[in-house]
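These protein sequence lines map, in sequence, to chains X, S, E and V.
For the first sequence, my numbering gives the first residue as 36, with consecutive numbering after it.
For the second sequence, my numbering gives the first residue as 46, with consecutive numbering after it.
For the third sequence, my numbering gives the first residue as 20, with consecutive numbering after it.
For the fourth sequence, my numbering gives the first residue as 15, with consecutive numbering after it.
Backbone N, C-alpha and C define an ideal beta-carbon position, used for all residues, glycine too.
Predicted model only: the values in this text are computed from it and were never measured.
Input: a single structure, listed below in structure tokens.
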Amino acid sequence: MTGHNGAAAAAHAAHGAGGAAGHDDHHELGFLRKYVFSSDHKVIGVQYGLTALLFLFVGFVLIALMRWQLAYPGEPIPVFGRLLEAILGPEVAFKGIMSPDLYNSFGAMHGTIMVFLAVVPLAFGAFGNYVVPLQIGAPDMAFPRLNMASYWCYFLGGVLMFASFFIPGGAAKSGWTSYSPLATIADLAHHVDGQTFWLLGMVVLITSSLLGSVNFIATIIQLRAPGMGWMRMPFFVWAQLVTAFLLLLAFPPLEAAGLMQLMDNIAGTSFFLPSGLVVSGRPLEVSGGGSPLLWQHLFWFLGHPEVYVLILPAMGIVAEIIANNTRKPLFGYRSMVYASMAIGFLSFIVWAHHMYLTGMGTKISTFFQTTTMMISIPSVIILTSLFISLWGGSIRFNTPMLFALSFLPMFGIGGLTGLPLGFNATDIQLHDTYYVIGHFHYVVAPGTIFALLAGVYFWYPKVTGRRMNEFWGRVHWATSLVFMNLVFLPMFVQGLEGMSRRMYDGGATYAAQEGIHGLALAIKLNVGISHAAWLLGLAQIPFVINFFWSIRHGEKVVGDNPWEATTLDWATPTPPPHGNFASPPVVARGPYEYSFAGRKGDFTPQNQPA
Amino acid sequence: MHEQNAHDVKEATRKYIYVFVALLLGTVITVIASFIHFGNHAVNIGVALFIASCKAFLVAGYFMHLISERKLIYGLLGATGIFFVGLMGLIIFANADQLFTGFR
Amino acid sequence: MDIPYTVQARPDTGLYNAKVGIWLFLASEVMLFGALFSSYVLLRVGSETWPQGLLNVPLGTINTVVLICSSITVVLAWASLKLKDFGSYKLYQGVTVLLAATFMVIKSFEYRDKLTHYWVRLNDGTEMTGHIEGKPFNWTKATLSKPELGLTEIHFHPDPVPAATGAHADSEAAHGHEGAAAHESLTIPVSEISRLESFGPWRSTYLAIYFTLTGLHALHVVGGALVIGFLWGPGSRMWRSDPERLTNRVEVSGLFWHFVDLVWIFLFPVLYLL
Amino acid sequence: METLITKLLHLPPVASEHGQGLDNLMLYVHLLMFALLLGWGAFFLYALWRFRQSRSAKANPEGVRSHVSSYLEVGVAVVEGILLIGFAVPLWARGASFENFPDEKEATVVKVIGRQFNWMAWYPGADGVFGRSAPEFVGDSNPLGVDPDDANGKDDVVVESSDVYAPVGKPVVAHISSLDVIHSFSVKSMRVTQDAIPGLSIPVWFTPTVEGTYQITCAQLCGQGHSSMRGLFHAVTPAEFTSWLGEHTRTSGEQVSYE
Ligand code: HEA
Ligand code: HEA
Ligand code: CUA
Ligand SMILES: [Cu+2]
């Protein structure tokens, strides 16, 4: 393989027995064991990555169709409308016009797919799997077969979710939050409905991420290479460790809640159904006595930590790329580590800021808004540290760096707009408006997605031995940045004007009328936003082509360490073989020793002996 | 637990038997206690949960060797305990604040 | 490179990988059952009435004892491996699997009991609980009108009405529902019945949480028994090639088993006695 | 000044007593956000320009040594604390604490009940007492299940057309609830939002100050008709209110005086 430089090849030839055994295994495996049912963390990482990108695309297609309905309510969707009618039937897309039920299904599935099937698997499953063992100098994950099971559970969950579009009644249509009682009674005509599939899918996905997080934590605790002390771990590893803890402890309550809702939906229990429900003018024949708010508590107990699951790995990726491309250590590495732990801890006790308007008393809501304000501080610390890390650097503007740099202000805007939501008094006005949509999309779309794209461009050479095309990378970056902002910035205006989310007609019902104040600007903005969203989709074409084209035709990298990085992931052969390291690495220094005075070259790899 | 030699294991085995007997006794006591009226049902609940906690302590402490486990595991379980208490406590607090203050 | 610390403990943590793994997993299980317990508490506090003594305490007690016995056999099995006594290991762990099966059998009788116990509402609004003659399993109003059954009426044995209220009186009444000999049998025409329901999870919040919690627990019992059974049967061949690793596996599966026992220790009083 | 804030943030016009306080907090938070955005934005762009590779060939691993960033972080925390204790908590307590509620005798009391997909307003009528309700009385002409035999309910007024009327200048206490799924009662110009949760009846209060008709938004996904579950809140003069209520009384003939 071309990636091997002389030294690594020599080491390869001379390496110990363990390495040889690992390598031999590798050759004996058939195609199926090697690429499909592989237990190698790198193959699994790539599997996660490709599947997640596919779901990212699915999530985008859903929203692209919804944006038509938002911009031009009630008009048939050109071309794709007929396709929808043919595939899903005229009940939901008559003459290519999206029905309210279809809109709600797409909305719920967009949220679910983006969060649970696209971003988390990409950030945690793909990057975590591929990079963490490399960065800590481990030969693989602690439990390789569990790792494989984790991927296949994820795959099964994805299949269940995707299949639910095609069952009678269509996919879940009660929002990604699936609030009861709506989730239970939205589709009374079908006993097994989209919500059932959603719940089963979630249970499988939760199992997958539990397996994953057990594996990650055990790996990071147990398999660090000799010399890799806690404070020598790259920030990315820390971010993944905290993320894994969030998944481990926050997901089970949702699994419990999911089981209870499943019982409500198929066994007729009333965990989340209060007594005295009257649906369509008839008392509902259930035992009653349940609590709808209980579902919300259990959902948001996961839901809030989940958003940090989305952002922490992204911050980790950005930190790696910034340190590498400013050619200097991260500013305040230790305080960043402590801040990420603080985020992890606090994120378990802020959840009810999503529930201010459920009739909360003063005491409890004061508690939750105080913790919400507290959690913004460690975020500020991490972001500030990353900003300040730029100072004094020698900044290289390559594609990964451009994406990573854009992450900073985008996350900044998203995080800052969390503040008026976090104050319960202002949330009275902003709750469930497009302000919320704007807030979190700034964090997850131009924020997390940019960080993930940065990661793709950054680690691509390690995985394939080739670089992605730099020019098209820049085109991808510039257009994405522009369109992302054109999509999400106007949403704050819409929200302030009072436009609610999950509106099938884009708020047209609430348009201003003679003598009645209503939405005026928001409805106009809908059209612009939709066009920007479609252009945003088009802007990904260079990326997709670049991504596949470069596998075979990209510029080959010279050496194993094309970015001249310090962390151990770059100390492996390219691409890393089964077992990863040519010889077991020994760590002698901290993660970011760039440009230290009196050293040869401007970087010192972690495994270079003192 | 980290017994290295046969003697330790035999020692431990005896302890397991004691614990086993204690657990059986605990079960009997719980059942009997549930048929006694302590006046207030809350007391009954308290007694039953207290006995259950003692039994849980025995199982976790001896059968699961938590009495002599590594710091790492204490840390993990401590954190889990805190989050569990937070989950349960805050949900109940939120509902109480909502339902029992005035008309909320 | 091979994965290190699969058998030997890592010096700085003092643990081997699987042990870290199982404790992490158990931590997540604590949150899983913890959330269900929290729900139980919340639903119970928020409800006006809470049925008591619906369950069969003797059976529950027997099952508690069964699980405790299985816990001791699990530790003894592990201790036998530590003492290099493979024969005792096979014996103890075999008993464990049998005890697990016993637990499941008893559990299934309890479930059957609930699903053959009925609540019925007549067209005139009368509501009764009791048994249908022949002990049919989980009928509903829809079952009654199935043509192949050809039913025009059912024979219903109502439960004795509890004499006094209060936890204790209730429970005795309910326990006695079978023994209390000759209370009358009613003949109810099918056309009179407006609703029929067995005491499944749909019947009340209490039964819902009972079935959910014990069902999930039962799944854990089955899962644990499968793993232990595997390590007892085909998995035990590792004794010849890598005895220490097998011992570790037995320890780890044992930790899981004790946790399952531990959950039951709380489930039993909470669901059966309080 | 006040309307300027509202205009600046492009909020709907305020028509309730406490609305302005909410807008003020909204402005202060946004000022904090803008300050941070501009400050860090300027720093960011300058740093990118100043330390680009072609200008700064060799990095200085020391980077920033001053503690300005720590002071800034403390500063942000302090400002957040002030906004929290000084504004958000009191504003919330106004609406959510039992002690701060107006006396129901001095207020316009109404139950607002959501269902798929409209709002129903239920006034207690002249006696000021709501009738009993229970699911078994629910029928096509009695969607709320008001007990027909309950004397307190005889003079009650139930409006099914998603219109809520209230006189200006007097507090409104609205008990928000729902029959089926969760809805959310939101009158943006009143700066009021409250989820309507089945099984719970949650009171909110506000004092309309400006006459007019305002939209009631359903702000919680409630099914396929969610986007069209609009209502109208009519803030009218006390006289208009009385006569409107009179037109809707069930007991025809006698004029209902609401005071
Ligand atoms: C990754 C995802 C993510 C992240 C990180 C956050 C971060 C935060 N979120 Fe957000 N949030 C969501 C995802 C996220 N959120 C989602 C998905 C929802 C909606 C769910 C739904 O209802 O469907 C939501 C909803 C939501 C609500 C509920 C709103 C409502 O429904 O009414 C609230 C309320 O408190 C809130 C608050 C916050 C706060 C205070 C932070 C803080 O942690 C933010 C802290 C960060 C900062 C304070 C930035 C600091 C920046 C600087 C110091 C520098 C600035 C510089 C420049 C701009 C150049 N969020
Ligand atoms: C991680 C989470 C995430 C992400 C990334 C996104 C991304 C986007 N979201 Fe969404 N969104 C949610 C989570 C997310 N969203 C959630 C939780 C909700 C609430 C749901 C609810 O109400 O219940 C929501 C709701 C939501 C709404 C509100 C709907 C409503 O209330 O009615 C809108 C409206 O415009 C929207 C738009 C968008 C847009 C334009 C993007 C764009 O940024 C998309 C950009 C993506 C692409 C352009 C695709 C790129 C594709 C590739 C790179 C593929 C490459 C493929 C290969 C190599 C094989 N989203
Ligand atoms: Cu009612 Cu939305
Ligand atoms: Cu949150």
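Can you name the residues of chain E whose CB is closer than 7 Å to the CB of residue i?
i, result
"proline 348 of chain X", "Result: empty, since nearest Cβ-Cβ is about 19 Å, beyond 7 Å."
"leucine 68 of chain S", "Ile87"
Cutting at 7 Å between CB atoms, please list the residues of its own chain near residue i, excluding the five before and the five after it.
i, result
"methionine 134 of chain V", "Ile127, Pro157, Leu158, Val172, Val173, Glu174"
"tyrosine 24 of chain E", "Tyr35, Asn36"
Which same chain residues, not among the five before or five after residue i, have their C-beta less than 6 Å away from its C-beta?
i, result
"serine 217 of chain E", "Leu134, Tyr137, Asn157"
"histidine 47 of chain X", "Note that histidine 47 of chain X has pLDDT 40, beneath the 50 cutoff, so the model's placement of it is unreliable and no number is given."
"valine 201 of chain V", "Tyr228, Ile230, Phe247"
Can you tell me which residues form a DSSP beta bridge with residue i?
i, result
"glutamate 146 of chain E", "E:Arg140"
"serine 147 of chain V", "V:Val160"
"alanine 206 of chain X", "X:Gly229"
"tyrosine 130 of chain E", "Partner(s): none; tyrosine 130 of chain E has no beta bridge."
"lysine 591 of chain X", "X:Arg501"
"arginine 129 of chain V", "V:Asn132"
"leucine 205 of chain E", "E:Phe175"
"threonine 227 of chain V", "X:Ile551, V:His248"
Here's a check: name, in chain order, each residue in its chain whose Cβ is nearer than 8 Å to the Cβ of residue i, leaving out the five neighbours to either side.
i, result
"arginine 509 of chain X", "Thr434, Leu437"
"serine 630 of chain X", "Arg362, Lys363, Ser429, Asp637, Phe638"
"alanine 105 of chain S", "Leu111"
"phenylalanine 83 of chain S", "Asn89, Val92"
How big is the Cα-Cα spacing for residue i and residue j?
i, j, result
"valine 562 of chain X", "glutamate 261 of chain V", "44 Å"
"histidine 225 of chain X", "isoleucine 202 of chain X", "10 Å"
"leucine 74 of chain E", "proline 220 of chain E", "13 Å"
"aspartate 60 of chain X", "leucine 245 of chain E", "Residue confidence for aspartate 60 of chain X is low, a pLDDT of 46 falling below 50, so the modelled location carries little weight; the figure read from the coordinates is stated next. Cα-Cα distance, rounded: 30 Å."
"glutamate 120 of chain X", "glycine 131 of chain X", "6 Å"
"alanine 513 of chain X", "leucine 524 of chain X", "16 Å"
"leucine 36 of chain V", "isoleucine 472 of chain X", "21 Å"
"threonine 227 of chain V", "isoleucine 551 of chain X", "6 Å"
"glutamate 197 of chain E", "glutamate 152 of chain E", "At glutamate 197 of chain E the pLDDT is 42, less than 50, meaning the model places this residue with poor confidence; the figure from the coordinates comes in the next sentence. If I take the Cα positions, the gap works out to 12 Å."
"glycine 243 of chain E", "histidine 236 of chain E", "10 Å"
"leucine 70 of chain S", "leucine 118 of chain E", "19 Å"
Using a cut-off of 8 Å between C-beta atoms, extract the partners of residue i located in chain E.
i, result
"asparagine 140 of chain S", "Leu61, Val64, Gly65"
"valine 88 of chain S", "None at all; the shortest Cβ gap to chain E is about 11 Å."
List the residues of chain X whose Cβ lies closer than 8 Å to the Cβ of residue i, in chain order.
i, result
"alanine 46 of chain E", "Leu283, Leu284"
"lysine 202 of chain V", "Gln464, Gly533"
"valine 39 of chain E", "Ala177, Ile252, Ala253, Ile256, Gln257"
Using a C-beta to C-beta distance shorter than 9 Å, which residues of chain X count as neighbours of residue i?
i, result
"valine 279 of chain E", "Correct list: empty, because the minimum Cβ distance to chain X is about 15 Å."
"isoleucine 211 of chain V", "Pro309, Pro327, Leu328, Thr393, Gly394"
Is residue i near ligand 6, in the sense that its beta carbon is under 7 Å from a heavy atom of that ligand?
i, result
"valine 150 of chain X", "With respect to ligand 6, the structure offers nothing, as its ligand set consists of ligand 1, ligand 2, ligand 3 and ligand 4."
Interface residues of chain S around residue i at Cβ under 9 Å?
i, result
"threonine 171 of chain E", "Near threonine 171 of chain E there are no residues of chain S at all, since even the closest Cβ is about 44 Å away, more than 9 Å."
List, in order along the chain, the chain S residues whose C-beta lies closer than 8 Å to that of residue i?
i, result
"lysine 363 of chain X", "Simply none; closest approach about 34 Å."
"tryptophan 42 of chain E", "Ile118, Leu121, Leu122"
Give the residues of chain X in contact with residue i, contact being defined as C-beta atoms less than 7 Å apart.
i, result
"threonine 125 of chain S", "Leu284"
"asparagine 267 of chain E", "Ordered by position in chain X, no residue passes the 7 Å Cβ test against asparagine 267 of chain E, which lies about 13 Å from the chain."
Name the chain S residues that come within less than 7 Å of residue i, Cβ to Cβ?
i, result
"isoleucine 241 of chain X", "Within 7 Å Cβ-Cβ: nothing; isoleucine 241 of chain X doesn't reach chain S, min ~16 Å."
Can you pull the chain E neighbours of residue i, defined as C-beta to C-beta under 9 Å?
i, result
"tyrosine 63 of chain S", "Within chain E, no residue comes near tyrosine 63 of chain S; the closest Cβ sits about 11 Å away, beyond 9 Å."
_I'd like the ranges of any beta strand (DSSP E) spanning at least 3 consecutive residues and lying wholly in the segment 62-118 of chain X._
none
*Would you list, in sequence order, the uninterrupted alpha helix (DSSP H) runs of no fewer than 4 residues that lie entirely inside the segment 374-446 of chain X?*
397-424
*Note down, one range per segment and in chain order, each alpha helix (DSSP H) of at least 4 residues found wholly within the segment 68-139 of chain S.*
86-103
*Pick out the complete alpha helix (DSSP H) segments inside the segment 481-545 of chain X, 4 residues or longer, and give them in chain order.*
485-499, 505-532
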